[in-house]
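Below is one structure, written out as structure tokens, with a few remarks after it.
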């Protein structure tokens with residue numbers, strides 16, 4: 045879903061305390077007009093963003109369903125590919141597949157291969173959290189502190205999974221990935 049900029053939603057069911065804490069946090073920590081009880085931020089959406097988001101909610105179920113159909117095709121098609129480590133899904137969980145992230149040892153060659161087949165890719169998490177500049181002076185903000193995380197950030201690559209992909213386009217992605 046897109047809302048014409050940054051934005052999102054949190055759904056709260058019957059937990060008034062949680063709703064109040066979230067509402068306070070997203071409004072600069074304000075519980076009343078001139079009272080800041082906690083350190084918060086501005087996560088409020090404009091009325092236009094809310095309108096755009098609300099109008100898209102009616103599509104959410106079909107978009108998630110389509111993303112799951114595409115993901116299922118990918119999972120089946122790439123299961124025996126020794127060059128790829130597939131994402132895992134917890135039993136009983138329903139995945140929204142905002143991204144379809146693969147792990148590939150030689151990511152640079154993989155991306156080049158897909159680019160040669162006109163398949164877009166993305167690296168959505170290129171820098172581990174502990175190596176972000178904000179943590180430079182933190183004792184754990186050094187390379188080699190979280191080696192598994194660092195390795196993952198060097199191996200992950202996303203392939204198209206957006207709900208408007210046609211079946212033919214999905215097959216093109218499958219063919220390109222499978223030929224790597």
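In the numbering used here, the protein residues as written are 45 to 224. We treat Cβ as the ideally placed atom computed from N, Cα and C, and that holds for glycine. Quick caveat: nothing in here was measured; it's all calculated off a predicted structure.
Excluding five sequence neighbours on each side, which residues of the same chain lie with their C-beta closer than 8 Å to the C-beta of residue 56?
62, 63, 66
I'd like to know whether the C-beta atoms of residue 122 and residue 128 end up nearer to each other than 8 Å.
yes
Can you tell me whether residue 192 is buried or exposed, with buried defined as 16 or more other CB within 10 angstroms of its CB?
exposed
Taking only runs that begin and end inside the stretch 50-98, name each unbroken alpha helix (DSSP H) of 4 or more residues, in chain order.
60-70
Extent of the continuous beta strand (DSSP E) run through residue 148:
144-148
Got a sec: is the Cβ-Cβ distance from residue 186 to anything in chain C below 8 Å?
Included in the structure is just one protein chain, with no chain C present.
Check residue 222 in the structure and name its three-state DSSP category.
helix
Between the CA atoms of residue 209 and residue 200 - distance to the nearest angstrom:
21 Å
Do residue 73 and residue 83 have their beta-carbon atoms positioned less than 8 Å apart in this structure?
yes
Ordered along the chain, which non-local residues of its own chain (more than five positions away) have a Cβ less than 6 Å from that of residue 103?
none
Which residues does DSSP list as the beta-bridge partners of residue 166?
202
Suppose contacts are defined by Cβ-Cβ distances below 8 Å. Is residue 68 in contact with residue 81 by that definition?
yes
Sort 126, 170, 46 by Cα distance to residue 95 and report the nearest one.
46
How many angstroms separate the CA atom of residue 179 from the CA atom of residue 215?
42 Å
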